[in-house]
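Notes follow the structure.
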Amino acid sequence: MDYTSRLEDFRRSDSERDALVAELLQNFQALELKYAEKCDDYNNEVESRRMWQSKAKTSEVALIEQKQASGSNNFALAVIDGDGAVFQDYLLAQGKDGGADCAHYLHTELRNHLKATYPDSNVADWSIVVHIVLNMQGLGNKLQQCNIINNPNELVAFGRAFSLAQPLFSFIDVGGGKERADHKIREMLRLFLPNAQCKHVFFGPCHDNGYLPVLEPYRLDQATAARLTLIECSPATPGFQQLGLQRMRCPKVFRTENLPAKINGTTPSTYQATNGVTPPYQNALPVRTATGMNANTTTFVPTAPVKHSSSPSPAPSAESGASNTWAAVGKTGATTKTIDITTKKAPAKKHVLVNTYDERLDAPLPESDSKAFARFADRIKAHGKMCNNFHLTGKCESGEYCDYHHGERLTPGEQLVLKHKARSLCCSQKTSCRDAGCFLGHHCKYGSGCYLEWCRFSETHGRDLVSTIPPCGHRDML
Numbered sequence: 001m002d003y004t005s006r007l008e009d010f011r012r013s014d015s016e017r018d019a020l021v022a023e024l025l026q027n028f029q030a031l032e033l034k035y036a037e038k039c040d041d042y043n044n045e046v047e048s049r050r051m052w053q054s055k056a057k058t059s060e061v062a063l064i065e066q067k068q069a070s071g072s073n074n075f076a077l078a079v080i081d082g083d084g085a086v087f088q089d090y091l092l093a094q095g096k097d098g099g100a101d102c103a104h105y106l107h108t109e110l111r112n113h114l115k116a117t118y119p120d121s122n123v124a125d126w127s128i129v130v131h132i133v134l135n136m137q138g139l140g141n142k143l144q145q146c147n148i149i150n151n152p153n154e155l156v157a158f159g160r161a162f163s164l165a166q167p168l169f170s171f172i173d174v175g176g177g178k179e180r181a182d183h184k185i186r187e188m189l190r191l192f193l194p195n196a197q198c199k200h201v202f203f204g205p206c207h208d209n210g211y212l213p214v215l216e217p218y219r220l221d222q223a224t225a226a227r228l229t230l231i232e233c234s235p236a237t238p239g240f241q242q243l244g245l246q247r248m249r250c251p252k253v254f255r256t257e258n259l260p261a262k263i264n265g266t267t268p269s270t271y272q273a274t275n276g277v278t279p280p281y282q283n284a285l286p287v288r289t290a291t292g293m294n295a296n297t298t299t300f301v302p303t304a305p306v307k308h309s310s311s312p313s314p315a316p317s318a319e320s321g322a323s324n325t326w327a328a329v330g331k332t333g334a335t336t337k338t339i340d341i342t343t344k345k346a347p348a349k350k351h352v353l354v355n356t357y358d359e360r361l362d363a364p365l366p367e368s369d370s371k372a373f374a375r376f377a378d379r380i381k382a383h384g385k386m387c388n389n390f391h392l393t394g395k396c397e398s399g400e401y402c403d404y405h406h407g408e409r410l411t412p413g414e415q416l417v418l419k420h421k422a423r424s425l426c427c428s429q430k431t432s433c434r435d436a437g438c439f440l441g442h443h444c445k446y447g448s449g450c451y452l453e454w455c456r457f458s459e460t461h462g463r464d465l466v467s468t469i470p471p472c473g474h475r476d477m478l
């Protein structure tokens, strides 16, 4: 019985082992089938992805080739130092209209040069980008000094019209300081010259040898040198000539001579007189007239300017019996009236302060008195805000229609308080203001050390506040 039971146990164990092996085989076969299906799906996805990638790449290459063939992304760049390449006087004098015409003329000149340089290319599809880098305020003041424009703001209108006339033309104001323009121009050349889509680069003018180290590396590269043209305004200096780069001239657009450093040493009024404008007579000459009962009276008659003669002047008559500093004016039978015609001392000239960049600076004001400040505050409480024009200059164009209080003029101490308050208002002319009587502010009095979170003069925080008073010239204001 023991052997029989043990045999049954062995048979039962063998049966369970066979069932387990059969189950394992069945599960393995099912798993193998799923694996094969997954592999097929993966292979199909890989083939499909590669097919679409190949098609996309082919389309992209074809599109790039098409764009390159059509030249739709190709362009030419002109980088011009506007402080050296000054536009023609007749264009600047026209202001806004001159700016639009100037953009058209320059675009035409550059396009014609490209057609001559690349006769086998479709240059008509190339865009032309022009950047004029300049110190707007400094050049505007210089042009005003040369009587080319009446106000530096006319250059702003010129530049705005220049930029609007051609969408890819820009006037870039970098402010004072030569290094600012040099740095920007240098970086533009470094960025665009290696660009394959930038087919040609114009640079001008050929006046400043400081640009020679920038251009020297490109001269040694024949491929780059062929794509570089120098715009010559005034005759190129020997350094630019030795570069061996092609040069072009645009006499219709740029001046062929530099701006004069000084206008023949004359002030604007003298300059106008030398250009055919005869100023009105300044003085009147006393002439002797015999008029009946007042036969010996000297009448003060205005006369036109008299040319100097080599003949001696007649001696004064002893009949007058009066001092040569007085003259009687009258008519026949009229009461004689005496007028003092003694020479009066000419009024002292007033000046405006400017820095080395010809930017207007404010003269420092003395500290105001505390008592005057208290009186000023009391008047503000009683009457409201004071009229700056009336109390500081003595006149107001608005008169009785002025929105601010006139009344009795402020005392000198109270006027000083009002001047300090007026300095907190920004002058509309900003750095170009040359009105010696302007009481508004032209820069932040704290300079780069300003601690205010919001300052009306924030753009002037980096300005040079070291002032100079020129002895003569256009900054002298009578």
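Note that UniProt numbering gives residue 103 to position 103 of the sequence shown, counting from 1, and the numbers run on in steps of one.
We put the beta carbon where it would ideally sit given N, CA and C, even for glycine.
The structure displayed is predicted, hence computed values, not measured ones.
Which value, in whole angstroms, describes the spacing of the CA atoms of residue i and residue j?
i           : j      : result
Cys102      : Leu425 : 36 Å
Leu63       : Ile231 : 35 Å
Asn74       : Asp125 : 8 Å
Ala363      : Gly95  : 32 Å
Gly138      : Trp52  : 60 Å
Cys131      : Ala100 : The sequence shown places His at residue 131, not Cys. Spanning the two alpha carbons is a distance of roughly 15 Å.
Ile148      : Val156 : 14 Å
Leu106      : Cys250 : 8 Å
Lys395      : Leu143 : 32 Å
Asn112      : Glu257 : 24 Å
Glu16       : Asn43  : 41 Å
Ser5        : Glu23  : 27 Å
Ala78       : Asn151 : 28 Å
Lys55       : Ser163 : 43 Å
Lys350      : Ser432 : 17 Å
residue 488 : Thr117 : In this structure the chain extends from 1 to 478, so residue 488 is not present and cannot be described.
Leu114      : Ser398 : 59 Å
Among the options, which residue has its Cα nearest to the Cα of residue i?
i           : options                        : result
Ala223      : Thr237, Asn112, Cys198         : Cys198
Lys381      : His405, Gly394, Asn389, Gln166 : His405
residue 484 : Thr237, Phe87, Leu110          : Since the first residue shown for the chain is 1 and the last is 478, residue 484 is missing from the structure and cannot be characterised.
Lys421      : Lys115, Asn355, Asn389, Gln246 : Asn389
Asn355      : Tyr3, Gly176, Phe376, Phe28    : Gly176
Leu134      : Leu143, Asp83, Gly140          : Asp83
Val128      : Ala165, Asn141, Val156, Pro235 : Reading the sequence as shown, one finds Ile at residue 128 and not Val. It is Ala165 whose Cα lies nearest to the Cα of Ile128.
Arg255      : Leu20, Gln429, Phe373, Pro205  : Pro205
Gln242      : Tyr42, Thr411, Arg219, Phe376  : Arg219
Thr411      : Leu91, Ala78, Ala374, Glu400   : Ala374
Phe202      : Cys427, Met248, Arg50          : Met248
Pro366      : Gln415, Asp18, Asp403, Gly384  : Gln415
Gly449      : Asp9, Arg434, Arg463, Asn151   : Arg463
Asp89       : Cys39, Cys146, Leu212, Glu47   : Cys146
Asp403      : Met386, Lys252, Gly413         : Met386
Val253      : Val123, Ala116, Leu110, Gly244 : Leu110
Glu179      : Asp81, Ala116, Lys55           : Asp81
His183      : Tyr211, Pro167, Glu60, Phe162  : Tyr211
Lys445      : Arg434, Trp454, Ala436, Leu465 : Leu465
Cys233      : Ala85, Pro167, Pro217          : Ala85
Since residue i contacts residue j with CB under 8 Å, what's their CB separation in whole angstroms?
i           : j      : result
Arg160      : His200 : No, Arg160 and His200 are not in contact; Cβ-Cβ is about 27 Å, not under 8 Å.
residue 521 : Gly239 : With the chain represented from 1 up to 478, any question about residue 521 goes unanswered, as that position is not in the structure.
Val214      : Leu189 : 6 Å
Phe158      : Gly98  : 6 Å
His442      : Leu361 : 7 Å
Leu392      : Phe457 : The pair is not a contact, with the Cβ atoms about 20 Å apart (cut-off 8 Å).
Asp358      : Asn141 : 5 Å
Gly413      : Ala377 : Their Cβ separation, rounded to whole angstroms, is 13 Å, which puts Gly413 and Ala377 out of contact at 8 Å.
Val352      : Arg409 : Contact doesn't hold; Cβ gap of about 25 Å is too wide.
What are the partner residues of residue i, as DSSP defines its beta bridges?
i           : result
residue 491 : Since the first residue of the chain shown is 1 and the last is 478, residue 491 is not available in this structure.
Ile231      : Met248
residue 536 : The question about residue 536 has no answer here: the residues shown for the chain are numbered 1 through 478.
Gly441      : Cys426
Val253      : Partner(s): none; Val253 has no beta bridge.
Met386      : His405
Cys198      : Phe75
Grab the span of the alpha helix (DSSP H) containing residue i for me, first residue to last.
i      : result
Leu91  : 89 to 93
Asp97  : 96 to 117
Phe162 : 153 to 165
Arg434 : Per DSSP, Arg434 belongs to no alpha helix (DSSP H) and is neither H nor E.
Thr237 : Element bounds for Thr237: n/a, residue is neither H nor E.
Val214 : 212 to 220
Asn141 : 136 to 145
Which stretch, first to last residue, makes up the beta strand (DSSP E) that contains residue i?
i      : result
Arg249 : 246 to 249
Ser170 : 169 to 173
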